[in-house]
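**Student:** Protein chains in written order, with the working numbering: chain A, 31 to 438; chain B, 19 to 242.
For each residue, glycine too, the CB sits at the ideal point set by N, CA and C.
Predicted model, so just to flag it, every value in this text is computed and none were measured.
Take this structure, written in structure tokens, and hold onto it; I'll ask about it next.
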């Protein structure tokens, strides 16, 4: 076991001293023959895929807004990065080594204002500026090599001990122990990899905050968005999610936790509590997409989280027609005890606003019919058909209406 | 000690005696008629170095050399045949309907070597479907020829690891390179011919001579 511990310590010690990478110069492409050139070529191919993806959001106004915020925090790297908005209902943003950046619609929906988006983009651009993917790859390579050498060493000792053991049982238990030691080496190596990524994340948080603040954004936005993520995680319908902690990225190895917020808070003390939140500008940019993105969010089928998100979006009393309609949709699809009544209440609230989707009338019609209120249902269906005579499902609603009138 | 030397020697011998070996998936492929118009998608190559522990590190320069050499060799060896060939840059073709067909082709040809689709166990009847006609009319072509290549080359550290692990009786692969070609009938969408060629030590596509050897082996039984 001592050999295993030593091996674990040796691998873990590789992870020390990973923070504070060198900054990269603007507009520089790496040499084609270098390891970085290889990473870029793979990213270039992935980027072509993103450009042709059906999930790419091509709304010019939205793209211009995100691009503008990205350039403000990227400064001299503005020309080095290309931001793609992907319509995917998760809180995620990513930066490839070559400057190809993705921001998912789930992130835009969850950022309360421009300052929060600026922090996220500043975080991603800091990954680029500090070559995190390259250093991460190099670390992975050297860790894998060290793990290979160490497991070879353990295997040699194990084989030698097993061949000198005289009974079969003795030999096999020694081999079992050897396998155990190799696992220890492996686990220590993996832990050091995660540790390294964590250091990168913390550095990107700190630098991203600096970039956003320098661009004139309110620094406190950085901790607000992480806190909101933690709150949303706790609002999940699923215990597994609530216990897992918020993740900055659905593929991430590490949750957003108190450590990250604490580190940011220490930096916040050094910055003036001033700057633009850009709340109205952010909302104007995402407003045309609210309905589509909330519909996507419902596909995750974590209604607790969707309802929490809608509550946040409704806080300032804007877009209440759309928001209440999707609140109703969440209750209707959840189908828990009392959810039908809550859905009706939300649909009714939505119907009072001019921005309510016309579908609210169809849903109200269905609900009232189910509750044995044919007159109310008829009024709602009529309203739907008047407002949306060319709707794809108009014939279904017409059929429901006919069956009400004929008393079937 | 003698046993270790023997193991290492065997590994070296095995690596050395590999030759370009082709696997032909469809033997009696119907030949396109003389004068058929064939588009050739610019070869797509991904080459990497195999690190000591077996991670693949992309080498953009090698991939570029491979693409250039394969494209040059394909053009040279097809020029002499009785069909009209035209090289297409996939970057421009990846938009819209043609882009969808190219991606479908990628997915289909990727599935062929594994044979994990139970219905495809018997005859070779892979097809992109009649939708492939869109590609034909977009490029005024009767057939499309696709070439892709993948491969890894062992780093110095990997060779050392191979020797060291051979002593423990563990074999460490040193990397290999292969090229795949497929010919699609753009009227029916059928893949009429498909072949892979595993490169031997002399068929290194990073060198013009090696690429020539690889292309010759790959096209040996092509119905062209």
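Output needed for residue 52 (chain B): all residues of its chain with C-beta closer than 8 Å, excluding positions within five of it in sequence on either side, in chain order.
**Tutor:** Within the second chain, numbered from 1, the residue matching residue 52 (chain B) stands at position 34. Excluding residues within five positions, the ones whose Cβ falls inside 8 Å are 100, 101.
**Student:** Can you give me the C-alpha to C-alpha distance between residue 174 (chain B) and residue 73 (chain A), rounded to a whole angstrom?
**Tutor:** Residue numbering aside, residue 174 (chain B) sits at position 156 when the second chain is read from its first letter. Residue numbering aside, residue 73 (chain A) sits at position 43 when the first chain is read from its first letter. Roughly 26 Å between the two C-alpha positions.
**Student:** Applying a beta-carbon distance threshold of less than 8 Å, which residues of chain A neighbour residue 73 (chain B)?
**Tutor:** Residue numbering aside, residue 73 (chain B) sits at position 55 when the second chain is read from its first letter. Here the neighbours are 170, 171, 174.
**Student:** So what does residue 166 (chain B) bridge to, in DSSP terms?
**Tutor:** Residue numbering aside, residue 166 (chain B) sits at position 148 when the second chain is read from its first letter. Looking at the DSSP assignment, residue 166 (chain B) forms a beta bridge with B:62, B:198.
**Student:** Closer than 7 Å by C-beta to residue 83 (chain B): which residues in its own chain qualify, once you throw out the five before and the five after it? Chain order, please.
**Tutor:** Mapped onto the second chain, residue 83 (chain B) falls at position 65. 224, listed in sequence order.
**Student:** Can you give, in chain order, each stretch of the alpha helix (DSSP H) that sits fully within the region 388 to 413 of chain A and has at least 4 residues?
**Tutor:** 389 to 400
**Student:** Alpha helix (DSSP H) containing residue 215 (chain B): first to last residue?
**Tutor:** Start at 1 with the first residue of the second chain, and residue 215 (chain B) comes out as number 197. Boundaries around residue 215 (chain B) are those of the beta strand (DSSP E), 209 to 216, since no alpha helix (DSSP H) includes it.
**Student:** Taking Cβ-Cβ distances shorter than 8 Å, what residues in chain B pair up with residue 82 (chain A)?
**Tutor:** Counting from one through the first chain, the residue named residue 82 (chain A) turns up at place 52. Those within 8 Å of residue 82 (chain A) in chain B are 112, 113, 117.
**Student:** Beta-carbon within less than 7 Å of residue 99 (chain A)'s beta-carbon, same chain only, minus the 5 sequence neighbours each way: which residues are those?
**Tutor:** Within the first chain, numbered from 1, the residue matching residue 99 (chain A) stands at position 69. Result list for residue 99 (chain A): 144, 147, 148, 151, in chain order.
**Student:** In chain B, which residues lie with their C-beta within 7 Å of the C-beta of residue 178 (chain A)?
**Tutor:** Taking the first chain and counting its residues from 1, one reaches residue 178 (chain A) at position 148. Residues of chain B passing the Cβ test: 70, 71, 179.
**Student:** Is residue 74 (chain B) helix, strand or coil when you go by DSSP?
**Tutor:** What you label residue 74 (chain B) is simply residue 56 of the second chain in a count that begins at 1. Residue state, collapsed to three classes: strand.
**Student:** Would the region 304 to 323 of chain A count as touching the region 131 to 144 of chain A if we require 3 or more Cβ pairs under 8 Å?
**Tutor:** The answer is yes - the region 131 to 144 of chain A touches the region 304 to 323 of chain A, with three or more Cβ pairs under 8 Å.
**Student:** Let me know the secondary structure DSSP gives residue 112 (chain A) once reduced to three states.
**Tutor:** The residue you call residue 112 (chain A) lines up with position 82 of the first chain. Residue 112 (chain A) falls in the strand class under three-state DSSP.
**Student:** Which residues in chain A sit within 8 Å of residue 163 (chain B), going by Cβ to Cβ distance?
**Tutor:** Taking the first residue of the second chain as position 1, residue 163 (chain B) is located at position 145. Per Cβ cutoff of 8 Å: no residues; residue 163 (chain B) is ~21 Å from chain A at best.
**Student:** Just to make sure I have the definition right: I need the residues of chain B whose C-beta is within less than 8 Å of the C-beta of residue 70 (chain A). Which are they?
**Tutor:** As a position in the first chain, residue 70 (chain A) is number 40, starting the count at 1. Per Cβ cutoff of 8 Å: 78.
**Student:** Check residue 118 (chain B) in the structure and name its three-state DSSP category.
**Tutor:** Position 100 of the second chain, counting from 1, holds the residue named residue 118 (chain B). Note: residue 118 (chain B) maps to helix in three-state DSSP.
**Student:** What does DSSP give as the partner residue(s) for residue 57 (chain B) in the beta ladder?
**Tutor:** The count along the second chain starts at 1 and reaches residue 57 (chain B) at position 39. Bridge partners of residue 57 (chain B): B:104, B:162.
**Student:** Select from B:213, B:200, B:54 the residue whose C-alpha is nearest the C-alpha of residue 163 (chain B).
**Tutor:** Taking the first residue of the second chain as position 1, residue 163 (chain B) is located at position 145. With distances taken between Cα atoms, residue 163 (chain B) lies closest to B:200.
**Student:** Rounding to the nearest angstrom, what Cα-Cα distance links residue 166 (chain B) and residue 127 (chain B) in this structure?
**Tutor:** Indexing the second chain from 1 puts residue 166 (chain B) at position 148. Indexing the second chain from 1 puts residue 127 (chain B) at position 109. Approximately 10 Å between the Cα atoms of the pair.
**Student:** Answer with buried or exposed for residue 397 (chain A), where buried requires no fewer than 16 other C-beta atoms within 10 angstroms of its C-beta.
**Tutor:** Taking the first chain and counting its residues from 1, one reaches residue 397 (chain A) at position 367. Answer is buried; the Cβ neighbour count reaches 16.
**Student:** At the level of alpha carbons, what is the spacing between residue 451 (chain A) and residue 130 (chain A)?
**Tutor:** Because chain A here runs from 31 to 438, residue 451 (chain A) falls outside it and cannot be looked at.
**Student:** Quick check: what's the CA-CA separation for residue 59 (chain B) versus residue 89 (chain B)?
**Tutor:** Translated into the one-based positions of the second chain, residue 59 (chain B) becomes position 41. Translated into the one-based positions of the second chain, residue 89 (chain B) becomes position 71. In a straight line, the C-alpha of residue 59 (chain B) is about 9 Å away from that of residue 89 (chain B).
**Student:** So which residues of chain A does residue 225 (chain B) contact, with C-beta pairs closer than 9 Å?
**Tutor:** The residue labelled residue 225 (chain B) in the question sits at position 207 within the second chain. Per Cβ cutoff of 9 Å: no residues; residue 225 (chain B) is ~15 Å from chain A at best.
**Student:** In chain order, what residues of the same chain lie with their CB nearer than 6 Å to the CB of residue 226 (chain B), ignoring the 5 residues before and after it?
**Tutor:** Here the question's residue 226 (chain B) lines up with position 208 in the second chain. Correct list, in chain order: 87.
**Student:** Three-state secondary structure (DSSP) at residue 61 (chain A)?
**Tutor:** Locating residue 61 (chain A) in the first chain gives position 31, counting from the first residue. Three-state DSSP puts residue 61 (chain A) in coil, outside helix and strand.
**Student:** Output needed for residue 189 (chain B): all residues of its chain with C-beta closer than 6 Å, excluding positions within five of it in sequence on either side, in chain order.
**Tutor:** Within the second chain, numbered from 1, the residue matching residue 189 (chain B) stands at position 171. Here the set comprises nothing.
**Student:** Nearest CA to the CA of residue 207 (chain B): which residue from B:120, B:242, B:72, B:107?
**Tutor:** Looking up residue 207 (chain B) in the second chain gives position 189. Proximity to residue 207 (chain B) across B:120, B:242, B:72, B:107 peaks at B:120, based on C-alpha coordinates.
**Student:** First and last residue of the beta strand (DSSP E) that includes residue 188 (chain B)?
**Tutor:** Position 170 of the second chain, counted from the start, is the residue given in the question as residue 188 (chain B). Looking at the DSSP string, residue 188 (chain B) is not in any beta strand (DSSP E), and its letter there is neither H nor E.
**Student:** What residues in its chain sit with their C-beta under 7 Å from that of residue 414 (chain A), if we drop five residues either side in the sequence?
**Tutor:** Taking the first residue of the first chain as 1, we reach residue 414 (chain A) at position 384. If we look at residue 414 (chain A) and ignore the five residues flanking it on each side, its Cβ neighbours are 388, 391, 392, 395, 427.
**Student:** Please list, in chain order, the chain A residues whose beta carbon lies closer than 9 Å to that of residue 175 (chain B).
**Tutor:** If you number the second chain from 1, residue 175 (chain B) lands on position 157. Contact note: residue 175 (chain B) reaches chain A through 175, using a C-beta cutoff of 9 Å and chain order.
**Student:** Since residue 236 (chain B) is in the alpha helix (DSSP H), which residue starts that stretch and which ends it?
**Tutor:** Position 218 of the second chain holds residue 236 (chain B). It spans 226 to 237 - the alpha helix (DSSP H) in which residue 236 (chain B) sits, taken as one unbroken run.
**Student:** Could you tell me the alpha carbon to alpha carbon distance between residue 74 (chain B) and residue 346 (chain A), rounded to whole angstroms?
**Tutor:** For the purposes of this step, residue 74 (chain B) is taken as the residue at position 56 of the second chain. For the purposes of this step, residue 346 (chain A) is taken as the residue at position 316 of the first chain. Each residue's Cα considered, the two are about 51 Å apart.
**Student:** Under a Cβ-count criterion, where at least 16 other Cβ atoms within 10 Å of its own Cβ denotes burial, should residue 235 (chain B) be classed as buried or exposed?
**Tutor:** Counting from one through the second chain, the residue named residue 235 (chain B) turns up at place 217. With 16 or more Cβ atoms within 10 Å of its Cβ, residue 235 (chain B) is classed as buried.
**Student:** Does the region 350 to 361 of chain A come within contact of the region 159 to 176 of chain A, defined as at least 3 CB pairs closer than 8 Å?
**Tutor:** With the cut-off at 8 Å, the region 350 to 361 of chain A and the region 159 to 176 of chain A do not touch.
**Student:** Just how far apart, CA to CA, sit residue 408 (chain A) and residue 401 (chain A)?
**Tutor:** The residue you call residue 408 (chain A) lines up with position 378 of the first chain. The residue you call residue 401 (chain A) lines up with position 371 of the first chain. Approximately 13 Å between the Cα atoms of the pair.
**Student:** Go ahead and label residue 435 (chain A) buried or exposed: buried means 16 or more other beta carbons lie within 10 angstroms of its beta carbon, across all protein chains shown.
**Tutor:** As a position in the first chain, residue 435 (chain A) is number 405, starting the count at 1. Exposed, since its Cβ has fewer than 16 Cβ neighbours within 10 Å.
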